[in-house]
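In this note's numbering, the protein residues as written are 6 to 150.
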């Protein structure tokens with residue numbers, strides 16, 4: 006699916022899929038820096054993953070990177086990435102409406118669930134060209150990285 010330009014330019018937060026930030030159990034430094042840049046310009050950064058919190062904390066001990074997220078959510082916290090999980094995410098990020106939090110994921114059915122819960126989405130394909138395209142997309146949304 007082609008990533009549409011958001012009609013709503015009032016993005017206040019970006020929710021990254023954790024696996025988009027990882028390459029074979031090692032953080033993708035470009036994506037970690039992109040998440041940190043989003044946070045530095047004043048937007049909230051969230052991470053939502055179907056992995057368990059315990060798995061991620063163990064990985065973070067080896068390769069610290071979770072610090073770039075204001076808040077992390079895992080399947081054992083709010084449920085898997087389905088419509089109910091994204092509705093739970095919307096509750097956790099209030100008072101900000103779901104429409105102001107861009108969800109980035111590489112799996113279409115996760116994006117479909119996020120859109121059903123009211124989130125704008127960006128389909129990330131998980132390679133360096135995708136990282137560059139994501140950065141350009143965020144800049145077009147008015148996020149001054």
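Beta carbons are placed, not taken as given, at the ideal position from N, Cα and C, and that holds for glycine.
Query                                                                                                                       : Result
Coarse secondary structure for residue 37, derived from DSSP in three states                                                : helix
Close-in-space but distant-in-sequence residues of the same chain around residue 40 (CB under 7 Å, 5 per side omitted)      : 21, 26, 50, 73, 74
Residue range of the alpha helix (DSSP H) that includes residue 114                                                         : 113–121
Length of the line joining the Cα atoms of residue 130 and residue 114                                                      : 14 Å
Neighbourhood of residue 55 by C-beta distance below 7 Å, restricted to the same chain and skipping five residues each side : 80, 85, 86
Sequence-distant residues of its chain with Cβ nearer than 6 Å to residue 88 (five each side left out)                      : 118, 121, 122
Residue environment, residue 149, which counts as buried when at least 16 other CB atoms sit within 10 Å                    : exposed
Secondary structure of residue 149, DSSP reduced to three states                                                            : coil
Residue 63 - partner residues in DSSP beta bridges                                                                          : None; residue 63 has no bridge partner.
DSSP three-state assignment for residue 136, whether helix, strand or coil                                                  : helix
Residue of 16, 34, 15 minimising C-alpha distance to residue 24                                                             : 34
Contact set for residue 229: own chain, Cβ-Cβ below 6 Å, skip 5 residues either direction                                   : Here the chain has residues from 6 to 150 only, and residue 229 is not among them.
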